[in-house]
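Numbering (this note's numbering), first residue to last: 76 to 220.
Right, dumping it as structure tokens:
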């Protein structure tokens, strides 16, 4: 939170405004308005690019927005979606929810678009470092996919 405060101060942004943006983004996300939530989370990422929370929320909202798009539009946006999740992973690769999301993304998205079996296996390996039980669940998910 202190880092967000410093970034906001350096950019001349009121910390209360940041909190309001986050609350509004969270409300929109809960209401399944992923497009508008993604816009707000993107703004928050621009304020604090090193915030795992903002990056993961942005990736999640954008990912669900992409999922609702027609197929041809999905193809146009899927690489960006993968990059957003990978950016969050760079910030915190021990977050289990993020690892699960990336595992599914890598299995569903062809290698050409940034997914693939090799990446999925590396995520499973990482999940095992977080929790052996979760690693087994991830391996089973992979085997049944």
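The beta carbon of each residue, even a glycine, is placed where N, CA and C say it ideally should be. What you are looking at is a predicted structure, and each value in this text was computed from that prediction instead of being measured.
Exercise. Have a look at 198, 180, 192 and 98 and flag the residue whose alpha-carbon is nearest the alpha-carbon of residue 153.
Key: For the residues 198, 180, 192 and 98, the minimum Cα distance to residue 153 belongs to 180.
Quiz item: Alpha carbon to alpha carbon, how far is residue 113 from residue 186?
Solution: In a straight line, the C-alpha of residue 113 is about 25 Å away from that of residue 186.
Quiz prompt | Own chain, CB closer than 7 Å to residue 149, minus 5 neighbours either side, in chain order | solution = Leaving aside the five residues that flank residue 149 on each side, the residues in its chain whose CB is nearer than 7 Å to its CB run, in chain order, 141.
Practice problem: Apply the 10 Å Cβ neighbour rule to residue 99 and answer buried if 16 or more other Cβ atoms are within range, or exposed otherwise. | Solution: Around the beta carbon of residue 99, fewer than 16 other beta carbons sit within 10 angstroms, so the residue counts as exposed.
Quiz item: Does the distance from the C-beta atom of residue 136 to that of residue 116 stay below 8 Å?
Solution: Yes, the Cβ-Cβ distance between residue 136 and residue 116 is below 8 Å.
Quiz item: In chain order, what residues of the same chain lie with their CB nearer than 8 Å to the CB of residue 120, ignoring the 5 residues before and after it?
Solution: So the qualifying residues of the chain are 126, 129, 130 and 133.
Quiz item: If we ignore side chains and look at the alpha-carbon of each, how far apart do residue 207 and residue 173 end up?
Solution: Using only the alpha carbons, I get a separation of about 17 Å.
Quiz item: Under a three-way DSSP split, which group does residue 174 fall into?
Solution: Helix, per DSSP.
Exercise. Could you give the DSSP three-state label for residue 169: helix, strand or coil?
Key: Three-state DSSP puts residue 169 in coil, outside helix and strand.
Exercise. From the DSSP output, in three-state form, read off residue 197 for me.
Key: DSSP places residue 197 within a helical segment (H, G or I) once states are collapsed to three.
Quiz prompt | Sub-8 Å separation of residue 111 and residue 96 beta-carbons | solution = No. Outside cutoff.
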